[in-house]
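Contents: one structure, followed by commentary.
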Amino acid sequence: MAGEKSEQVTHDEIAFSQSGNIGEERLDSHIRDDHNDPHRAALEDIDPDQKVTKSTWAAVFFLGFTFQPSLSFTILMVFPILVPIAIELQGNTHNVNWMASGWSLAGSIAFAIAGQTSDYFGRRYILLFGQALLVLGHIIGCTANSVNQGIAAMVILGFGTGTTFVMYPGISELLPNKYRSIGLAWTELNLLPFSTFGPLFARLLLTNVTWRWVFYLGIISGVISFVGTAVFYNPPAKPLADRTRMEVLRELDYIGIFLYTAGLTLFLLGLGWGGVSYPWRSAAVLVPLVLGALLFISAFVYDFSGHAKRPLFPKRLLGNVREYTILLVLIFVTGFVYFSLTDLIPEQIGYMFTSKSLTAGLYNIPGGFGGAGGGVILGALIARLKHVQWQLFIGIACQTLFTALFALITPDTVPMALVFQCLANLPFAWITLACYVTASLHVPQRDLGLALGLIGTFRFLGGAIGTTIFTTILNNKSAVSIPQRVGAALAPLNYPASKYEALVTAIGAGTTDTLTNTPVNVIAAASRAIQWGYSDAFRITWLVSIPFGVIACILAIFVRDPSPYFTKHTSVTLEKERLGGRTTDANLGKEDLEGSSL
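Once you know that position 449 of the sequence shown is 478 in our numbering, the rest is easy, because the numbers rise by one and skip nothing.
Here is the structure:
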């Protein structure tokens with residue numbers, strides 16, 4: 030009987046492998062094939078007594094640690110000191126914004142492509158490649174002698190970051206469903222120290238040593254994550270057992286990848302140029318914006334047409350509205366607001382409260398702590414709290430409320446600002462992890478990398494668009510409100526109106542020592558008026574966020590709750606257990622799952 034069953038399994042597998050149906054390939058023996066029904070696989074919960082091995086926990090540790098070189102020593106420590114870096118390298122801030130924009134652009138492009146290719150070629154080597162890019166980018170950054178070299182470093186770091194975000198599906202599939210949120214919360218714990226103290230620490234390095242130490246630390250953490258991942262992270266190297274790599278390469282959606290990459294690149298370039306390098310109404314801005322949007326939309330149109338064998342945006346995935354597509358909208362809006370907060374709160378602190386670098390760093394601590402702390406604490410509790418759609422609703426409502434309450438902040442309400450920025454940032458990582466966990470439980474194992482990669486793409490796309498919109502509103506409103514406030518403050522002091530502009534410029538640049546013939550009370554009154562002018566502008570800016578948050582709150586209610594699937598089901602086991610572990614084959618075979626019942 031055993032021989033007959035073995036022969037039957039072999040015959041079935043051969044027939045299955047020769048069927049040629051994309052999406053029904055035979056998977057590696059270490060992958061439990063859910064046969065495009067992740068709900069059934071989770072509820073059947075085969076082998077519920079199986080324990081998570083030490084090697085798996087070690088792999089999860091180093092995957093999460095990758096957040097150090099990818100995020101801690103890039104956006105959390107490089108971004109806050111971009112202006113001083115540019116001044117040291119070239120004496121001005123020309124083009125320094127492209128260090129941040131280049132990182133965001135490269136990361137946004139890499140997310141979806143890396144996610145999908147990891148589904149086909151295995152996550153291990155995709156992740157190691159991304160980690161190698163992180164080390165290379167930090168090496169280029171620490172040796173930079175020009176802003177252009179700094180831009181190159183940040184672009185490479187962006188590609189590395191987007192590529193290493195395959196850690197999200199990597200962690201999710203290694204852990205039982207009920208522990209996925211805990212594994213993902215570990216990634217946020219890596220960010221907690223640097224999201225809280227990173228900007229302050231960066232300024233201390235800048236003042237007392239050199240900003241290059243930020244990149245040195247990136248190299249050190251990058252090497253650690255690379256070596257640890259290489260040793261302990263050994264998932265299936267060839268997920269599609271009945272396809273050669275060359276066959277998969279021929280089946281990839283190159284047209285969709287081109288349309289997506291070109292469209293996103295042009296669109297984000299237009300956003301980056303608008304109001305900075307060129308006027309918003311200029312052809313240099315409008316052409317890439319419109320063309321980029323059309324190309325990006327064309328990627329979806331092409332993939333939905335059915336011409337691509339392995340579409341980058343499969344209709345079968347995006348057709349699951351409540352299970353997946355709504356999550357893309359939610360993460361877009363959340364990124365839209367959060368990254369705007371991250372970008373504009375330091376500016377608000379500098380413009381309205383203090384011009385002292387270290388004091389500004391201290392004022393940033395509550396927001397940074399809230400952003401990561403929410404992910405660590407609330408993110409880890411997602412499975413225990415259940416009712417994930419209501420978690421999403423509460424998180425988005427909290428973010429919307431306290432972002433809108435920023436409109437009440439004035440130069441005299443520093444404590445209020447510190448509390449509100451903590452509470453406004455608190456839900457971001459919680460919402461993000463809830464989206465990742467929900468998607469991972471609703472999406473078939475074959476599409477897990479692509480699905481979570483798209484969530485990363487939409488998160489950063491929302492951030493890029495939100496930051497641009499909010500910054501434009503702030504600049505337009507402050508250009509009106511500051512002259513009005515300064516005029517009203519200086520009129521009683523009989524200071525010549527013809528000198529207002531020069532006075533405001535000097536105060537903004539911190540060069541009031543050059544105003545030798547200007548009375549001290551005039552400088553003080555103008556400085557105070559500028560603070561209130563920015564207060565007026567920021568009030569309008571934050572109020573604009575309300576409609577987006579309200580729409581997201583409504584949509585969150587319709588997300589299909591994944592709580593019934595928080596079982597002990599584990600999708601993938603490691604091929605090699607470096608610290609000892611499983612001795613049995615994790616694969617159950619196609620016929621085992623099909624022959625079992627709920």
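Using N, Cα and C, we set each Cβ at its ideal position, and we do this for glycine too. The structure displayed is predicted, hence computed values, not measured ones.
query                                                                                                   : result
Cα-Cα separation, residue 335 to residue 51                                                             : 13 Å
Proximity below 8 Å, CB of residue 79 to CB of residue 599                                              : yes
Residue burial classification, residue 128 (beta-carbon count within 10 angstroms, cutoff 16)           : buried
Spatial distance of residue 608 from residue 320 (CA atoms)                                             : 52 Å
Short Cβ contact (8 Å threshold) for residue 560 with residue 380                                       : yes
Cβ pair residue 147, residue 478 closer than 8 Å                                                        : yes
Separation of residue 438 from residue 140, as counted between CA atoms                                 : 36 Å
Start-to-end residues for the alpha helix (DSSP H) that takes in residue 456                            : 456-471
Buried or exposed by the 16-neighbour rule on C-beta atoms within 10 Å, applied to residue 471          : buried
Burial state of residue 577, where buried means 16 or more other Cβ atoms lie within 10 Å               : buried
Cβ-based burial, residue 687 [other Cβ within 10 Å; buried from 16]                                     : This structure leaves residue 687 out entirely; the chain is present only between 30 and 627.
Cβ contact check for the region 569-585 and the region 359-371: 3 or more pairs under 8 Å               : yes
Touching by the beta-carbon criterion (3+ pairs, under 8 Å), the region 244-254 and the region 168-178  : yes
Beta-carbon proximity list for residue 612, same chain, < 8 Å, skipping 5 on both sides                 : The predicted model places residue 612 with a pLDDT of 47, which falls under 50 and marks its position as unreliable; any figure quoted below should be read in that light. No residues qualify anywhere along the chain.
Beta-carbon gap between residue 378 and residue 337 smaller than 8 Å                                    : no
Cα-Cα separation between residue 490 and residue 98, rounded to whole angstroms                         : 21 Å
Three-state secondary structure (DSSP) of residue 125                                                   : coil
Where the alpha helix (DSSP H) containing residue 561 begins and where it ends                          : 549-572
Of the listed residues 433, 594, 158 and 269, nearest to residue 62 (C-alpha basis)                     : 269
Proximal residues to residue 522 (C-beta, below 8 Å), its chain only, five neighbours per side dropped  : 548, 550, 551 and 554
Option nearest residue 396 by Cα separation, candidates 408, 419, 385 and 368                           : 368
Residue 422 versus residue 585: straight-line alpha-carbon distance, rounded                            : 5 Å
Alpha carbon of residue 568 to alpha carbon of residue 510, nearest angstrom                            : 11 Å
Pair within 8 Å by beta-carbon distance, residue 131 and residue 184                                    : yes
Any chain C beta carbon closer than 8 Å to residue 55                                                   : Given the protein chain composition of this structure (a single chain), no chain C is represented.
Closest by C-alpha distance to residue 493, when choosing among 175, 308, 298 and 236                   : 298
Any non-hydrogen atom of the ligand NAD within 7 Å of residue 498 CB                                    : The ligand NAD is absent from the structure shown, which contains no ligands of any kind.
Residue 601 (DSSP reduced to helix, strand or coil)                                                     : strand
Residue 411 to residue 400 span [Cα, whole Å]                                                           : 16 Å
Runs of beta strand (DSSP E) wholly within the region 213-266 (minimum 3 residues, chain order)         : none
Sequence-distant residues of its chain with Cβ nearer than 7 Å to residue 587 (five each side left out) : 351 and 355
Euclidean distance between Cα positions of residue 574 and residue 276                                  : 47 Å
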